[in-house]
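Q: Pasting a structure here, questions to come.
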Amino acid sequence: MRRTTAFFLGWLSAILLAGCGGSTSAPAMGPGPGPQAALVSVSLTDAPPAGVTVLTFEVTVTGATLNPGSADLVAGKSPVRIEIKRLETENAFLSTANIPSGNYTSLNLTFSNPELTFRNDTGTTLAGCASGRVCEIKPSGALTATVNGQFNLMSGTQTGVLVDLNLANLITPSLGVDFSSATAVTATQQTKDGEGELEDLDDLDGIVANPSSSQFTLQTTDMGGITVAINSNTQFDGFDACAAANATCVQSGQSVEVDLMLLASGTFLAKKIELQDDAQQAADDELEGIVSKIDSPSQFEMVVNDELRAVANVSVGDPVTVMLTTSGGGTSFQVDANGLAVPSTLQQGFEGATDTSQLLPGQTVQVRKLTMTGGPAPAAITITTDRVRLRDTRFTATVSGAPTGSNFNVGGLPGLFTAEGVSQIQVQTSSQTNFENVSGVSGLADGSTVSLRGLLFKNTPNPVLIADKVRKR
């Protein structure tokens with residue numbers, strides 16, 4: 419089944435699929451399609467620009483209308499903050515809203531408050547950011563887009579619109595933004611599959627509330643509180659103390675990571691629920707970020723790209739200095755395998771670390787906050803942690819050489835890697851890897867562009883990515 423990132427208009431409704439962002443109110447689910455209504459959904463994809471490593475790119479979606487007729491897909495909904503960089507491999511949700519059936523010929527979108535954190539590897543100063551530096555800016559430019567096409571919504575139907583945001587064309591050479599450029603935003607209409615599914619929404623973190631035998635509320639920072647249904651096909655991972663491996667394992671206050679199916683009805687069904695922390699541990703603040711620099715054996719820097727819950731004086735896109743605690747038992751290192759079969763040598767190497775020796779710029783990690791000083795940005799922020807957990811890294815690269823078996827190498831890497839002398843990464847796939855736009859490794863060739871999601875390990879001679887997802891561009 420094809421899976422893309424975009425914002426998702428559904429059912430006489432608008433559904434936006436996005437990664438992380440600031441807190442928003444919970445999107446209200448609209449009623450089913452009426453006699454003269456159709457159901458629509460929307461999704462987003464992206465591609466990074468050359469010479470610039472985009473670490474985070476947040477923007478607020480303020481409007482979405484189908485024309486002629488100005489059918490409002492976000493009527494009555496609060497503006498939604500989305501993190502576009504995460505959309506290399508993920509989906510994001512906006513809302514649902516009934517609209518009249520009919521034949522529409524354009525989709526108008528409006529945005530506001532873009533914020534970009536990037537590494538400048540162009541060799542020259544760009545947008546006030548020196549070459550080789552990581553900088554956070556608020557770019558200006560055109561924040562409206564009109565996508566022409568045929569969006570035919572039949573009465574009583576459930577459908578979707580895939581909106582593709584292309585960062586390579588969206589960000590100007592001077593690091594301004596132009597959503598109105600010809601190829602910055604495109605859109606295609608979608609239909610539900612045989613199971614009634616429109617899109618996947620993977621790797622969504624949140625806190626459990628109000629669990630029952632058939633559903634629970636997932637409290638998130640970017641989507642507010644959403645209702646997640648559970649059925650007999652839902653997989654339960656990481657609930658080691660709960661032998662039942664069913665809905666009874668899900669308890670209030672737990673921190674979980676979920677993979678969801680967005681159904682054409684505008685509801686969410688859990689494909690997988692993975693326990694991250696029990697209620698007591700989940701009460702601690704967690705920050706996820708992309709490692710940008712290793713300062714010493716006890717200190718590294720990262721750019722925040724997600725929060726388990728809103729943390730005062732810290733926002734997505736902020737550079738943060740992380741210090742490993744040496745008190746008590748020191749800092750522990752963990753691997754969030756997310757159901758992947760990780761080679762024991764790689765996992766044991768990371769989990770056996772006592773300092774930053776297993777960290778690599780470009781990795782994504784989650785840190786548990788013990789103490790924090792400074793902030794809000796641009797003031798310096800320093801966090802002390804007692805736990806560093808390896809999470810899925812996302813990046814786009816080019817296949818280098820012919821794939822061998824289930825493995826292949828990638829080059830053309832983002833500047834965070836090349837600045838550290840890393841010119842190649844080995845990608846290991848398995849039956850657990852989700853391939854998109856390609857049937858498997860055999861469909862890749864030297865020069866293929868791929869967006870990857872997986873666990874990235876420091877290794878000799880080259881880092882290794884245990885791939886959870888491979889999307890062929």
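Letter by letter, the sequence shown follows residues 419 to 891 in our numbering.
Note that beta-carbon positions come from the ideal geometry of N, C-alpha and C, so glycine has one too.
Computed from a prediction, not measured in an experiment: that's the story for all the values here.
Just tell me which of VAL721, ALA697, GLN698 and ASP773 has its CA closest to the CA of GLU706.
A: Taking the sequence shown and counting its residues from 1, the one referred to as residue 706 is at position 288. For the residues VAL721, ALA697, GLN698 and ASP773, the minimum Cα distance to GLU706 belongs to VAL721.
Q: Assuming VAL479 contacts PRO497 under a Cβ cut-off of 8 Å, what Cβ separation, rounded to an integer in Å, is found between them?
A: Position 61 of the sequence shown, counted from the start, is the residue given in the question as residue 479. Position 79 of the sequence shown, counted from the start, is the residue given in the question as residue 497. Rounded, the Cβ-Cβ distance is 6 Å, consistent with contact.
Q: So the candidates are SER683, VAL674 and GLN633; which of them puts its Cα closest to the Cα of GLN699?
A: As a working note, residue 699 is residue 281 in the sequence shown. When only C-alpha atoms are compared, the closest one is VAL674.
Q: Using DSSP with H/G/I as helix, E/B as strand and the rest coil, what is GLY642?
A: By 1-based counting over the sequence shown, the position of residue 642 is 224. The answer is strand: DSSP assigns GLY642 an E or B state.
Q: Do the CB positions of LEU619 and PHE475 come within less than 8 Å of each other?
A: Translated into the one-based positions of the sequence shown, residue 619 becomes position 201. Translated into the one-based positions of the sequence shown, residue 475 becomes position 57. Taking 8 Å as the Cβ cut-off, LEU619 and PHE475 do not qualify as a contacting pair.
Q: Please state whether the Cβ-Cβ distance between GLY656 and THR638 is less than 8 Å.
A: In the sequence shown, the residue the question calls residue 656 occupies position 238. In the sequence shown, the residue the question calls residue 638 occupies position 220. Their beta carbons are not under 8 Å apart, which means GLY656 does not touch THR638 by this criterion.
Q: Given VAL817, which residues of its chain have a CB within under 7 Å of its CB, disregarding the five upstream and five downstream residues?
A: Against the sequence shown, residue 817 aligns to sequence position 399. Only PHE826, VAL828, LEU862, ALA863, ASP864, GLY865, SER866 and VAL868 meet the Cβ criterion.
Q: SER857: buried (16+ other C-beta within 10 angstroms of its C-beta) or exposed?
A: If you number the sequence shown from 1, residue 857 lands on position 439. Answer is exposed; the Cβ neighbour count stays below 16.
Q: Any idea if GLU613 is buried or exposed, counting beta-carbon neighbours within 10 angstroms, 16 or more meaning buried?
A: In the sequence shown, counting from the first residue as 1, residue 613 sits at position 195. Exposed is the call here.
Q: Does the beta-carbon distance from LYS890 to GLN776 come in below 8 Å?
A: Within the sequence shown, the letter at position 472 stands for residue 890. Within the sequence shown, the letter at position 358 stands for residue 776. Their beta carbons are not under 8 Å apart, which means LYS890 does not touch GLN776 by this criterion.
Q: Could you tell me whether the Cβ atoms of VAL840 and PRO881 are closer together than 8 Å?
A: Taking the sequence shown and counting its residues from 1, the one referred to as residue 840 is at position 422. Taking the sequence shown and counting its residues from 1, the one referred to as residue 881 is at position 463. The answer is yes: Cβ separation under 8 Å.
Q: Measuring only the C-alpha atoms, how far is PRO518 from ILE884?
A: To locate residue 518, count along the sequence shown from 1; it is residue 100. To locate residue 884, count along the sequence shown from 1; it is residue 466. Cα-Cα distance, rounded: 46 Å.
Q: Measuring only the C-alpha atoms, how far is THR802 from GLN781?
A: In the sequence shown, the residue the question calls residue 802 occupies position 384. In the sequence shown, the residue the question calls residue 781 occupies position 363. About 19 Å.
Q: Report the CB separation of ARG812 from ARG504 in whole angstroms; it is logged as a contact under 8 Å.
A: The count along the sequence shown starts at 1 and reaches residue 812 at position 394. The count along the sequence shown starts at 1 and reaches residue 504 at position 86. Their Cβ separation, rounded to whole angstroms, is 7 Å, which keeps ARG812 and ARG504 in contact under 8 Å.
Q: State the DSSP-derived secondary structure class of ASN723, mapped to helix, strand or coil.
A: As a working note, residue 723 is residue 305 in the sequence shown. ASN723: strand per DSSP, three-state reduction.
Q: So, using beta-carbon positions, are PRO557 and VAL595 closer together than 8 Å?
A: Looking up residue 557 in the sequence shown gives position 139. Looking up residue 595 in the sequence shown gives position 177. Yes; because the gap between Cβ atoms is below 8 Å, this pair is in contact.
Q: Write down every uninterrupted run of the alpha helix (DSSP H) in the region 593-651 whose length is 4 residues or greater and which is fully enclosed by it, in chain order.
A: Entirely contained in the region 593-651, not one alpha helix (DSSP H) run reaches 4 residues.
Q: Classify SER733 as buried or exposed, calling it buried when 16 or more other Cβ atoms lie within 10 Å of its own Cβ.
A: Translated into the one-based positions of the sequence shown, residue 733 becomes position 315. With 16 or more other Cβ atoms within 10 Å, it is buried.
Q: Looking at the structure shown, is ALA728 part of a helix, part of a strand, or coil, going by DSSP?
A: As a working note, residue 728 is residue 310 in the sequence shown. Coil, per DSSP.
Q: Could you work out which residue in PHE529, LEU681, ILE589 and PHE686 is closest to LEU636 when comparing CA atoms only?
A: Here the question's residue 636 lines up with position 218 in the sequence shown. Here the closest residue by C-alpha is PHE686.
Q: One question on the structure: do LEU681 and LEU593 come within less than 8 Å of each other, judged by their Cβ atoms?
A: For the purposes of this step, residue 681 is identified with residue 263 of the sequence shown, where counting begins at 1. For the purposes of this step, residue 593 is identified with residue 175 of the sequence shown, where counting begins at 1. Not a contact, by the Cβ cut-off of 8 Å.
Q: Just the Cα atoms here: how many angstroms apart are SER441 and ASN731?
A: For this step, residue 441 is matched to residue 23 along the sequence shown. For this step, residue 731 is matched to residue 313 along the sequence shown. At SER441 the pLDDT is 28, less than 50, meaning the model places this residue with poor confidence; the figure from the coordinates comes in the next sentence. Rounded to whole angstroms, SER441 to ASN731 spans 14 Å at the Cα level.
Q: Output needed for CYS667: all residues of its chain with C-beta closer than 6 Å, excluding positions within five of it in sequence on either side, in chain order.
A: As a first step, residue 667 must be located in the sequence shown, where it is residue number 249. Cβ neighbours of CYS667 beyond the five flanking positions: PHE654, PHE657 and CYS660.
Q: Run through DSSP, which three-state label would VAL668 get?
A: Counting from 1 along the sequence shown, the entry for residue 668 is found at position 250. Three-state DSSP puts VAL668 in coil, outside helix and strand.
Q: Check each candidate in ASN756, GLU617, THR542 and GLU692 and name the one with the smallest Cα separation from VAL626.
A: Against the sequence shown, residue 626 aligns to sequence position 208. Among ASN756, GLU617, THR542 and GLU692, the Cα nearest to that of VAL626 belongs to GLU692.
Q: Do the region 564-571 and the region 523-533 touch if we need at least three Cβ pairs shorter than 8 Å?
A: Yes: at least three Cβ pairs fall under 8 Å.
Q: For PRO449, does the three-state DSSP call read helix, strand or coil?
A: In the sequence shown, counting from the first residue as 1, residue 449 sits at position 31. Its pLDDT being 34, under 50, PRO449 is placed unreliably by the model, and the measurement read from it follows with that caveat. Residue state, collapsed to three classes: coil.
Q: Determine the direct distance from the alpha carbon of PHE853 to that of VAL760, and round the result to whole angstroms.
A: Residue numbering aside, residue 760 sits at position 342 when the sequence shown is read from its first letter. Residue numbering aside, residue 853 sits at position 435 when the sequence shown is read from its first letter. Cα to Cα, the separation comes out at about 18 Å.
Q: Could you check what DSSP says for ASN587 in three-state terms: helix, strand or coil?
A: Looking up residue 587 in the sequence shown gives position 169. Helix, per DSSP.
Q: With C-beta atoms as the reference, is SER710 less than 8 Å away from GLU704?
A: For the purposes of this step, residue 710 is taken as the residue at position 292 of the sequence shown. For the purposes of this step, residue 704 is taken as the residue at position 286 of the sequence shown. Result no, Cβ atoms of SER710 and GLU704 do not sit closer than 8 Å.
Q: Please return the same chain residues whose Cβ sits closer than 7 Å to the Cβ of LEU834, not counting the five positions on each side in sequence.
A: As a position in the sequence shown, residue 834 is number 416, starting the count at 1. Cβ neighbours of LEU834 beyond the five flanking positions: THR471, ARG537, SER710, PRO779 and GLY780.
Q: Tell me the rounded alpha-carbon separation between MET741 and GLN842.
A: Within the sequence shown, numbered from 1, the residue matching residue 741 stands at position 323. Within the sequence shown, numbered from 1, the residue matching residue 842 stands at position 424. Their Cα atoms are separated by approximately 29 Å.
Q: Quick check: what's the CA-CA separation for ILE433 versus GLU617?
A: To locate residue 433, count along the sequence shown from 1; it is residue 15. To locate residue 617, count along the sequence shown from 1; it is residue 199. Legend: pLDDT at ILE433 = 35, less than 50; position of this residue unreliable, value from coordinates given subsequently. Rounded to the nearest angstrom, the two C-alpha atoms are 10 Å apart.
Q: So for SER860, helix, strand or coil by DSSP?
A: The count along the sequence shown starts at 1 and reaches residue 860 at position 442. Residue state, collapsed to three classes: helix.
Q: Spell out the partners DSSP gives THR816 in its beta bridges.
A: What you label residue 816 is simply residue 398 of the sequence shown in a count that begins at 1. Answer is GLY829 and THR867, bridged to THR816.
Q: With a 10 Å radius around its C-beta and 16 neighbouring C-beta atoms as the bar for buried, classify ASN389 as buried or exposed.
A: Because residue 389 is not part of the residues shown, which for the chain are 419 to 891, the question remains open.
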